[in-house]
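Residues in the sequence shown are numbered from 59 upward in steps of one, following this note's numbering.
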Amino acid sequence: MSLKVELKPGERLIIGQCIITNSDQRTRLFIDGKAPILREKDILTIATADTPAKRIYLAVQLMYLEDDTSRLREEYFKLVNEIIQAAPSMITLINGINNEILTGALYKALKAARKLIQYEQDLLANVPSGSAGIPTGGPQNGSPA
């Protein structure tokens, strides 16, 4: 069964190691075969991977596109360890990504990494502005410094 992809005018798509850019008209493609495929909206670049969760997504994305986990394994686990130290509540989501990677389901690992990005955004949205844990005016009420 073919994968059907509809592209908007000017939208890009990665198939394997190739970038396909649509012309100025809506296009429908039917793709047969086994190759990694990513729509433009699902692609992160080094410039757009500006949070810890997005950097994990980028590492998984590169594993998926290259169909090779070995080259990025060390960097991926470094990123994972850093994010778990900063936010231990992410461990369940990280374990889901890891399980998909271990079973070779790299596209599913990407989908799980999207959930991690959303969770990270939710965490950051709930942090009160200006809260660094230390009062901005210094110690209060004669407290020792």
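Glycine residues also receive a C-beta, built at the ideal position from the N, C-alpha and C atoms.
Just so we're clear, the structure is a prediction, and the values are computed from it rather than from any experiment.
Within 7 Å, strictly: CB atoms of residue i and residue j
i, j, result
"R115", "I175", "Rather than Arg, the amino acid found at residue 115 in this sequence is Tyr. For Y115 and I175, yes; Cβs fall inside 7 Å."
"T127", "I159", "yes"
"G155", "A171", "A small fix is needed here, since residue 155 is Ile in this sequence, not Gly. Against a cut-off of 7 Å, the Cβ pair of A171 and I155 comes out as a contact."
"A105", "R113", "no"
"V118", "L168", "yes"
"R97", "L123", "no"
Three-state secondary structure (DSSP) of residue i
i, result
"V185", "coil"
"L120", "helix"
"T150", "helix"
"I104", "coil"
Alpha-carbon to alpha-carbon, residue j and residue i
i, j, result
"S201", "A111", "Any answer about S201 is weak, because its pLDDT of 45 lies below 50 and its placement is not dependable; what the coordinates show is given next. For S201 and A111, the distance between alpha carbons rounds to 38 Å."
"T65", "I95", "Here residue 65 is Leu; the residue named in the question, Thr, does not match the sequence. When rounded, the distance between both Cα atoms is 13 Å."
"I142", "T150", "10 Å"
"R84", "I73", "18 Å"
Segment limits, beta strand (DSSP E) that includes residue i
i, result
"E64", "61-65"
"L87", "85-89"
"R131", "Careful: R131 lies outside any beta strand (DSSP E), inside the alpha helix (DSSP H) at 131-144."
"I95", "95-97"
"L71", "70-73"
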